[in-house]
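Colleague: Encoded as structure tokens, here's the structure I'll be asking about.
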Amino acid sequence: MDLRQHQASVAVVGGHAQQHLQPLPGEPQVALRRIAQRLVVQLCDRIDTCALGGLPQRPDDAAEGDSLGRRAETTRSFVVELIGIARRGTARPSHPEGIGDAHDLLSGGKRGGRGEEWGTAGGCGEEGGLRGLRIRYTIAPLAGSRPPGVWPGSSDQHLKTAHLPNLRGAAPQVNEHAMARIVEVQPDRWLPRGEALCKGVGEQRPLVVWSGIPGESAKVRLVHMGQNQIRGEWVSSASPSPHRVEPPCEKYYRCGGCPWMHLDAEGQADARRGRVAALLARSGLGSLQIGALQPCPDGLQGYRHVVKVGFGRSDMGRIRVGAWSRGSREIVPIPGCLAATEVLRRTMMSLAHHTIRLGIEPYDPKTRRGTLRSAVLRASRTSGEVLVTLVAAQRNRQLAELAEEVARGVNQVVGVWLHLNAGPGNAIFQRDGDGVVGVSALGGKDWIEERLNDCTYRIGPGDFFQTNPSVAEILYQRVLERLELVEGDAVLDLYCGVGGLALPAALRTGFAVGVEEIEGAVDRAREGARINRAPAEFVCDGVMTALPDLQGRLGSVGAKVVVDPARRGLEEGVFERIVGLAPARIAYVSCNPEALARDLAMAARMGWRVDGPIELFDMFPNTAHVELLAVLVPPAGQPEPSRRGPKRKLVR
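Heads up: the sequence shown at position 191 corresponds to 190 in numbering that gives the first Met the number 0, and the numbers run straight through without jumps.
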């Protein structure tokens, strides 16, 4: 079956393409029409990349060679004709449209040259649905001036236009005709987000290197010249670090979610320990012992039981579902995300496919139009069930159909809920005055269960719970062990969330109280106490205001205290109020080594000392994130407990 002539005109200006598709004459089959449009888009994308990816440095270089990448004109017209599409079986793309970047359909064809040339592409589809394709494309320069900043003039302007997005997310191609963009540097330290930092490059501005390694000399391509810093990407190393590996994810350079994927497991462990040691030394705590990193039992992949995805549009205007791009709010499709569990990958693909099929508009914060903003997918390690929370700016009748289709496509999806958030900013959830995330049902139940250390936790839409339950279980176990709990101890869990530590501690000692300011989390914690028959109670209040009220019950009883604050660490005055309870031990769990170093230095000035090593846990492999545990003991001479701790007999 032949598809009649189909044309696409693309104007390329400064690396961006605007596409105008003319309707096909007649009414060919919908499947072939859709595939034809995708093929044209991919051809135009490829020509766009070739034409701008290899721009010569001087206009007179245009005479050298015939390839698209060697032409000086940067504003062009491409007329594309699809001729002789032959169908065999059912033409069905391997990936639902919009979920992932299309296959490299031109891998077997010529890149083209002057005048007209013919290219051939192989079949597309899981079963080779298309037998063959012939493409003819004509290249003609358009009248118009060169985009500003393409030729070297002002170095800043030149660098700002130097970086071209890679359509497939793989490693960026080195432009052999733009070596002025390449510098050779040696980063000297890690940044908190996982990039490597070089000092004194380009008018003494720091250079932030994606995929760099401190101590490794490397060629770096400069991709952005900012006012306060320069950004670059690793290109090559004459003597690469022994810990450098090829990132297994093709979206590594675009997604940015796994900045240390270019390091092996040993290199990541060394980097985490080195960064923690440097921060402690800077705070005057260089003598503290740092323990070995507890690795993730699931390895470096498939550990994420929570995935957050965004909705947006591509440069061509097509709906996209995926991760937020590194350094921007653009959406990168991640159907094969290596960090997510297998069931979450299937759920993402189903969500993306049906969102695009139904044509549900992504929300645009600039125009304040559209519906979907993001989605949070959580899978239970215990049961395998999945809970989906859609975040939308407004209600849409199609959301109920979307929920039904996603649940039908993935059997493990047991509930789909809707959260409305039309507020400014990038926060996914909007909480009310009581800290509750408001949700409404689109279908199914409002909780899934997770089991850690013989405790069952119910997690609902909008609730916070650990992304990596395998490591969380090990961390909680170590906290309980290092608190040296015995029956009769009173345990105080500050910033307790849904009771992750308070519940198992109560089962061991007979009494625990948790403090949390988010009402929704407190409700789940109380439900957990009832389910596990744990003698624990929970206070919904801020830590600073709750501690004076707890003084009468927990003061001078030798309480064991757990603190697990947010990234900012302890608020000013909190540690002093904890010390006022005369606790026997304090276990400090932190997700921010800088905040931990600051707070440990403050504790040292008050006479408290760190007992044993600071333990590290690899909660998020392939990232710079590290979870830490430090145990503090009081100074010598603190009075012994003068009374026994309270007991709770009634279990709610």
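We treat Cβ as the ideally placed atom computed from N, Cα and C, and that holds for glycine. Note that the coordinates shown come from a computational prediction; the quantities given were computed from them, not determined experimentally.
Are the CB atoms of E449 and T381 within a distance shorter than 7 Å?
Modeller: yes
Colleague: Out of A276, Y251, S235 and K218, which one is the CA nearest neighbour of R188?
Modeller: A276
Colleague: Do E493 and V562 have their CB atoms nearer than 7 Å?
Modeller: According to the sequence displayed, residue 493 carries Leu and not Glu. Cβ atoms of L493 and V562: closer than 7 Å.
Colleague: Within this structure, are the beta carbons of L376 and L417 separated by less than 7 Å?
Modeller: no
Colleague: Can you name the start and end residues of the beta strand (DSSP E) that E570 belongs to?
Modeller: Per DSSP, E570 belongs to no beta strand (DSSP E) and is neither H nor E.
Colleague: If you count every other CB in all the chains shown that lies within 10 Å of the CB of T544, and 16 or more means buried, which is it?
Modeller: exposed
Colleague: For a test of the three-state rule: what should DSSP assign to T388, helix, strand or coil?
Modeller: Note: T388 maps to strand in three-state DSSP.
Colleague: Taking only the alpha-carbon atoms, compute the straight-line gap between L196 and R204 and give it to the nearest angstrom.
Modeller: Approximately 11 Å between the Cα atoms of the pair.
Colleague: Could you tell me if G432 is buried or exposed, where buried requires 16 or more neighbouring beta carbons within 10 angstroms of its beta carbon?
Modeller: exposed
Colleague: Consult DSSP for P205 and reduce its assignment to one of helix, strand or coil.
Modeller: strand
Colleague: Would you mind stating whether D462 and R523 have Cβ atoms separated by less than 7 Å?
Modeller: Yes. Within cutoff.
Colleague: Looking at the strands, I want to know which residues DSSP matches up with V542.
Modeller: None; V542 has no bridge partner.
Colleague: As a quick exercise: from L357, P294 and R372, pick the residue whose alpha carbon is nearest that of A322.
Modeller: R372
Colleague: Do M618 and V478 have their C-beta atoms closer together than 7 Å?
Modeller: no
Colleague: When the Cα atoms are used, what is the spatial distance from E571 to G193?
Modeller: 28 Å
Colleague: Roughly how many whole angstroms lie between the Cα atoms of V632 and V521?
Modeller: 29 Å
Colleague: Please determine, among L287, V208 and H261, the residue with the shortest C-alpha to C-alpha distance to G611.
Modeller: L287
Colleague: Can you give me the start and stop residues for the alpha helix (DSSP H) that I530 sits inside?
Modeller: E518 to N531
Colleague: For R394, which three-state DSSP category applies?
Modeller: coil
Colleague: So W209 and W233 are supposed to be a Cβ contact under 8 Å. How far apart are they, rounded?
Modeller: That pair is a contact at about 7 Å.
Colleague: Tell me the residue span of the alpha helix (DSSP H) that contains R457.
Modeller: Careful: R457 lies outside any alpha helix (DSSP H), inside the beta strand (DSSP E) at C454 to I458.
Colleague: From C590 to E526, what does the alpha carbon distance come to, in whole angstroms?
Modeller: 26 Å
Colleague: What I want to know is whether the C-beta of N395 ends up closer than 6 Å to one or more non-hydrogen atoms of the ligand PLP.
Modeller: No copy of the ligand PLP occurs in the structure displayed, which carries no ligand at all.
Colleague: Compare the Cα-Cα distances from Q637 to each of Q465, V538 and G557 and report the closest residue.
Modeller: G557
Colleague: At the level of alpha carbons, what is the spacing between V573 and S236?
Modeller: 48 Å
Colleague: Any idea what DSSP makes of V609, helix, strand or coil?
Modeller: strand
Colleague: Give me the Cα-Cα distance between G309 and F537, rounded to the nearest whole angstrom.
Modeller: Those two C-alpha atoms are separated by around 34 Å.
Colleague: The alpha helix (DSSP H) spanning V275 covers which residue range?
Modeller: A264 to R281
Colleague: With DSSP as the reference, identify every bridge partner of D297, one or two as the case may be.
Modeller: In DSSP, D297 forms no bridge with anything.
Colleague: Which word fits E404, buried or exposed, when buried means at least 16 other C-beta atoms lie within 10 angstroms of its C-beta?
Modeller: buried
Colleague: Along the beta strand (DSSP E) that carries I229, what are the first and last residues, could you check?
Modeller: Element bounds for I229: I229 to S235.
Colleague: In the DSSP output, which residue or residues are listed as bridge partners for W189?
Modeller: Within the DSSP bridge table, the entry for W189 names A195 as partners.
Colleague: Tell whether a beta-carbon distance below 7 Å holds between S349 and G301.
Modeller: no
Colleague: Using 8 Å as the Cβ pair cut-off and three pairs as the minimum, do the segment 573–586 and the segment 213–231 touch?
Modeller: Too few Cβ pairs lie closer than 8 Å, so no.
Colleague: Going by beta-carbon coordinates alone, are R576 and L595 separated by less than 7 Å?
Modeller: For R576 and L595, no; Cβs fall outside 7 Å.
Colleague: To the nearest angstrom, how far is the alpha carbon of G676 from that of E472?
Modeller: Only positions 0 to 651 of the chain appear in this structure, which leaves residue 676 out of reach.
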